Every structure is written in C-alpha cells, then in structure tokens.
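Structure, as structure tokens:
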Amino acid sequence: MSDHEEIKRQINRIRQGGLEERRAAVNELVAQGEPAVGPLIAALLAEPDPDPRWYLAGALGRIGSPGVAPLLAAMKEHSDHDFRRYAAAALGEVRGSAIRPLIGALQDPDREIRQFAALALCRIGDPAVGPLKEACAEGGDVEARARQVLWKLGEAGLAALVEDSNTPDS
Numbered sequence: 006m007s008d009h010e011e012i013k014r015q016i017n018r019i020r021q022g023g024l025e026e027r028r029a030a031v032n033e034l035v036a037q038g039e040p041a042v043g044p045l046i047a048a049l050l051a052e053p054d055p056d057p058r059w060y061l062a063g064a065l066g067r068i069g070s071p072g073v074a075p076l077l078a079a080m081k082e083h084s085d086h087d088f089r090r091y092a093a094a095a096l097g098e099v100r101g102s103a104i105r106p107l108i109g110a111l112q113d114p115d116r117e118i119r120q121f122a123a124l125a126l127c128r129i130g131d132p133a134v135g136p137l138k139e140a141c142a143e144g145g146d147v148e149a150r151a152r153q154v155l156w157k158l159g160e161a162g163l164a165a166l167v168e169d170s171n172t173p174d175s
C-alpha cells in the first residue's frame with residue numbers, strides 16, 4: 006500500500022471509527038508527517054461532522070510546523086467558518102512555529118481570519134507573549150491587535166502590557 010493510500014485509509018478510520026480507532030488513526034497520520042498535511046486539510050474542509058473534524062484538526066496540530074503555512078493558506082482561501090475554527094484550533098496546538106505566522110495573520114484584511122489568529126495565539130498562551138510584545142513595537146494595526154491578544158491572554162499578557170507602559174519610550 007502506498008503512503009497516499011495509507012493516509013486515505015487513516016482518514017477514513019477517523020471518519021468512521023470509534024474512539025480508539027480514531028486515536029490510533031491520528032497517531033498513524035502524525036507518524037506520516039508532512040505528506041499527510043494536504044490530505045488532512047482537504048478532509049477537514051469536506052467533513053461535515055464535528056467529531057471527525059476534531060480528530061483531523063488534532064492530527065494537523067500534532068504534525069506541527071509543516072502544517073502551519075498550508076493551514077493559514079487554506080483559511081484564507083476558504084471562508085467556511087467551521088473549517089476556519091478547526092484550523093485555528095490546530096494552529097494553536099502547533100505552538101512555537103505557528104506564533105509568528107499567526108501574528109502576521111493579525112493583519113489579514115479578513116476580520117474572521119484575524120479573530121481566529123487571535124484565538125489560536127490565546128490557545129498557545131505564554132509562549133506567544135514575547136513575540137506579541139515585539140509586534141507591539143511595530144505600531145499601527147498590528148500593535149493594536151497584538152495588545153488586544155495580550156489583554157486576552159490574562160496574567161502574563163497583562164504583565165507584558167504593564168511593563169511596556171512603564172518604559173520611558175512608550
């Protein structure tokens with residue numbers, strides 16, 4: 006069986022299997038890595054049922070860095086709200102390598118993309134504080150949006166905002 010066929014088989018296990026079968030399929034897809042990203046995004050777009058969508062997004066999140074740019078591109082290309090929500094959840098699971106692209110997405114002309122990027126950054130939490138603080142220094146729209154995300158992050162984000170407001174050049 007080819008890798009492509011195996012990826013399709015695992016995606017079908019997520020769509021049709023029970024809990025344990027879905028978990029096992031996610032593990033297999035994560036092991037496939039980057040080659041699974043495109044088929045997973047396509048499946049996430051096509052899947053109407055929230056349960057399989059959650060597992061598909063989870064696999065993308067666990068694959069990590071190889072999925073960041075394709076997921077962001079798919080979010081921009083497809084306006085389906087639910088797809089974007091699950092894609093943002095996957096990006097939030099990626100963590101480190103997704104932070105800078107998500108901060109870049111805070112400047113997207115599409116308001117919903119900006120909102121989902123902010124939610125993903127909030128899901129990432131404390132590791133996003135430093136890069137968001139750096140984005141505040143850029144000024145303009147990205148500064149305002151980065152400050153909003155820092156505010157939503159809670160204690161660590163608020164501490165960064167207070168620290169920033171106490172510096173002489175701010």
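6 is the number of the first residue of the sequence shown in the numbering used here; add one for each residue after it.
By construction, the Cβ of each residue, glycine as well, lies at the ideal position given by its N, Cα and C atoms.
Keep in mind that this is a model prediction, so the values were computed, not measured.
- Exclusion of the five residues before and after residue 88 leaves 49 and 50 as the residues of its chain whose Cβ lies within less than 7 angstroms of its Cβ.
- When 166, 103, 146 and 142 are compared, the shortest CA-CA separation from residue 125 is found for 103.
- If you look at residue 102, you'll find it in the alpha helix (DSSP H) that goes 101-110.
- Nearest C-alpha to residue 139 among 53, 23 and 168: 168.
- In the three-state DSSP reduction, residue 142 falls in the coil class, being neither helix nor strand.
- A buried status is given to residue 45, since no fewer than 16 other beta-carbon atoms sit within 10 Å of its beta-carbon.
- By the neighbour-count criterion, in which 16 or more other beta carbons inside 10 Å mark a residue as buried, residue 114 falls on the exposed side.
- Measuring C-alpha to C-alpha distances from residue 61 to each of 148, 42, 154 and 156 identifies 42 as the nearest.
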